[in-house]
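Participant: Residue numbers (this note's numbering): 222 to 281.
Just so you know, even glycine gets a beta-carbon here, dropped at the ideal spot from N, CA and C.
Structure incoming, see below.
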């Protein structure tokens with residue numbers, strides 16, 4: 222049986238993904254708290270989360 226940590230993992234090129242989400246018209250994007258963001262001048266709201274439970278609490 223595989224045990225899942227349920228943490229939200231960082232991704233590569235997070236800045237690029239944020240810019241693309243802005244272009245697509247998203248208002249908010251949820252990323253891992255372990256991602257390092259270089260700039261904070263995005264038009265989109267960037268929420269950082271550590272676990273899936275954190276995401277659930279934010280959404281519901």
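Who does residue 268 pair with in a DSSP beta bridge?
Facilitator: Here residue 268 refers to the residue found at position 47 when the chain shown is read from its first residue. In the DSSP output, where bridge partners are listed per residue, residue 268 has 251.
Participant: Who are the near neighbours of residue 241 in its chain, counting only those whose CB is closer than 8 Å to its CB and skipping five residues on each side?
Facilitator: Here residue 241 is taken as the residue at index 20 of the chain shown, counted from 1. If we look at residue 241 and ignore the five residues flanking it on each side, it has no Cβ neighbours.
Participant: How long is the line joining the alpha carbons of residue 235 and residue 276, rounded to whole angstroms?
Facilitator: Looking up residue 235 in the chain shown gives position 14. Looking up residue 276 in the chain shown gives position 55. One C-alpha to the other measures close to 18 Å.
Participant: Who are the near neighbours of residue 271 in its chain, counting only those whose CB is closer than 7 Å to its CB and skipping five residues on each side?
Facilitator: Along the chain shown, read from residue 1 onward, the residue named residue 271 stands at position 50. Excluding positions up to five away in sequence, the list reads 228, 229, 254.
Participant: With distances taken Cα to Cα, identify the nearest neighbour of residue 258 among 269, 281, 249.
Facilitator: In the chain shown, counting from the first residue as 1, residue 258 sits at position 37. That would be 269, whose Cα lies nearest to the Cα of residue 258.
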